[in-house]
């Protein structure tokens, strides 16, 4: 039976594909206040601004592609039961070939009804005011905004609690509840961390790789494959 390899990925893995990280040092996201484009209150104040913001993010996805870190994680499915839990709203893990991906914070290429969050639709084009579900309810980005529940968290917690190997890659470990997943892994689970900016407080020294996502995954792939030879 394959070992269960659970991955928690964040903005750092997508950054190497050219997707800007969520929040710049000035507290803005693509020159917008976070509160204006990533909160229910912002959507209530100016829904078209919010729709336009995510329409542009969706278009930008077409200009980027998965990088080597995404591809290595997909390749590891040949040897491990790989589960990706990502904080990213892009589809780069799927495009690289990963089969089991949970999006904690939603997906850019989906929209949902403002009245029923279970009414979720695949969506490739722009979403505008007047785009509605079959009951006439406005559609909104399928993104978990600040102040909203994280519907996939229970599922992610269960998967983390069954991991044999847990990899943290490209995340600040400051966004909750996602960052709390590391506390659910079993005691005998081996933890690896890949990030150029974090200080290690998560695992033993040799399992902490202070590198980019792509460099870290190249190193880690060799180490993991040696374990099963």
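In our numbering, the protein residues as written are 531 to 759. Note that beta-carbon positions come from the ideal geometry of N, C-alpha and C, so glycine has one too.
Requested in this report: On a CA-only basis, which of 545, 580 and 681 is nearest residue 561? Give me that one, please.
Outcome: Along the chain shown, read from residue 1 onward, the residue named residue 561 stands at position 31. Of the candidates 545, 580 and 681, the one whose C-alpha sits nearest the C-alpha of residue 561 is 580.
Requested in this report: Quick one: measure Cβ to Cβ for residue 621 and residue 639, integer angstroms, because I've assumed they're closer than 8 Å.
Outcome: Taking the chain shown and counting its residues from 1, one reaches residue 621 at position 91. Taking the chain shown and counting its residues from 1, one reaches residue 639 at position 109. Confirmed, about 6 Å.
Query raised in the report: Considering only the beta carbon of each residue, do residue 632 and residue 614 sit closer than 8 Å?
Result: Reading the chain shown from its first residue, position 102 is the one you call residue 632. Reading the chain shown from its first residue, position 84 is the one you call residue 614. Taking 8 Å as the Cβ cut-off, residue 632 and residue 614 qualify as a contacting pair.
Query raised in the report: Assuming residue 611 and residue 532 make a contact with CB atoms under 8 Å, what is their CB distance in whole Å?
Result: Position 81 of the chain shown, counted from the start, is the residue given in the question as residue 611. Position 2 of the chain shown, counted from the start, is the residue given in the question as residue 532. Right, the Cβ-Cβ distance comes to about 4 Å (below 8 Å), so this counts as a contact.
Requested in this report: Report, in whole angstroms, the separation of the C-beta atoms of residue 699 and residue 746, which I expect to be a contact under 8 Å.
Outcome: Here residue 699 is taken as the residue at index 169 of the chain shown, counted from 1. Here residue 746 is taken as the residue at index 216 of the chain shown, counted from 1. Their Cβ separation, rounded to whole angstroms, is 7 Å, which keeps residue 699 and residue 746 in contact under 8 Å.
Query raised in the report: For residue 689, which of helix, strand or coil comes out of DSSP?
Result: Position 159 of the chain shown holds residue 689. Reduced to three states, the DSSP call for residue 689 is helix.
Requested in this report: Out of 642, 740 and 604, point me to the one whose CA is closest to residue 626's CA.
Outcome: In the chain shown, the residue the question calls residue 626 occupies position 96. Cα-wise, what sits closest to residue 626 is 604.
Query - Proximal residues to residue 723 (C-beta, below 6 Å), its chain only, five neighbours per side dropped - result: Here residue 723 refers to the residue found at position 193 when the chain shown is read from its first residue. For residue 723, where only same-chain residues beyond five positions count, the Cβ hits under 6 Å are 698, 732, 733 and 738.
Query raised in the report: For residue 686 versus residue 711, is the C-beta spacing smaller than 8 Å?
Result: The residue given as residue 686 occupies position 156 in the chain shown. The residue given as residue 711 occupies position 181 in the chain shown. Cβ distance < 8 Å, so residue 686 and residue 711 count as in contact.
Query raised in the report: Fully enclosed by the segment 630 to 663, which beta strand (DSSP E) runs are 3 residues long or longer?
Result: 631 to 633, 636 to 643 and 650 to 652
Query raised in the report: How many angstroms separate the CA atom of residue 728 from the CA atom of residue 702?
Result: Numbered from its first residue, the chain shown carries residue 728 at position 198. Numbered from its first residue, the chain shown carries residue 702 at position 172. Approximately 7 Å between the Cα atoms of the pair.
**Report entry** Under the three-state DSSP convention, the category residue 720 falls into
**Finding:** Counted from its first residue, the chain shown places residue 720 at position 190. It is a strand residue.
Query raised in the report: Anyone know if the C-beta pair for residue 542 and residue 708 falls short of 8 Å?
Result: Here the question's residue 542 lines up with position 12 in the chain shown. Here the question's residue 708 lines up with position 178 in the chain shown. No. Outside cutoff.
Query raised in the report: Looking only at its own chain, which residues have a Cβ that is under 7 Å from the Cβ of residue 544, when we skip the five neighbours before and after it?
Result: Here residue 544 corresponds to residue number 14 of the chain shown, with the count starting at 1. Cβ neighbours of residue 544 beyond the five flanking positions: 618, 620 and 622.
**Report entry** Limits of the unbroken alpha helix (DSSP H) element including residue 740
**Finding:** On the chain shown, residue 740 is found 210 positions in, with the first residue counted as 1. That residue, residue 740, is in no alpha helix (DSSP H); it is neither H nor E in DSSP.
Query - Local conformation of residue 539 per DSSP, three classes - result: In the chain shown, counting from the first residue as 1, residue 539 sits at position 9. Reduced to three states, the DSSP call for residue 539 is strand.
**Report entry** Residues near residue 484 in its chain [Cβ-Cβ closer than 8 Å; skip 5 each side]
**Finding:** Because the chain here runs from 531 to 759, residue 484 falls outside it and cannot be looked at.
Query raised in the report: Which one of 569, 689, 721 and 629 has the shortest CA to CA distance from residue 679?
Result: Position 149 of the chain shown holds residue 679. For the residues 569, 689, 721 and 629, the minimum Cα distance to residue 679 belongs to 569.
Query raised in the report: Along the chain, where does the beta strand (DSSP E) that runs through residue 611 open and close?
Result: Start at 1 with the first residue of the chain shown, and residue 611 comes out as number 81. Where residue 611 is concerned, the enclosing beta strand (DSSP E) stretches over 611 to 616.
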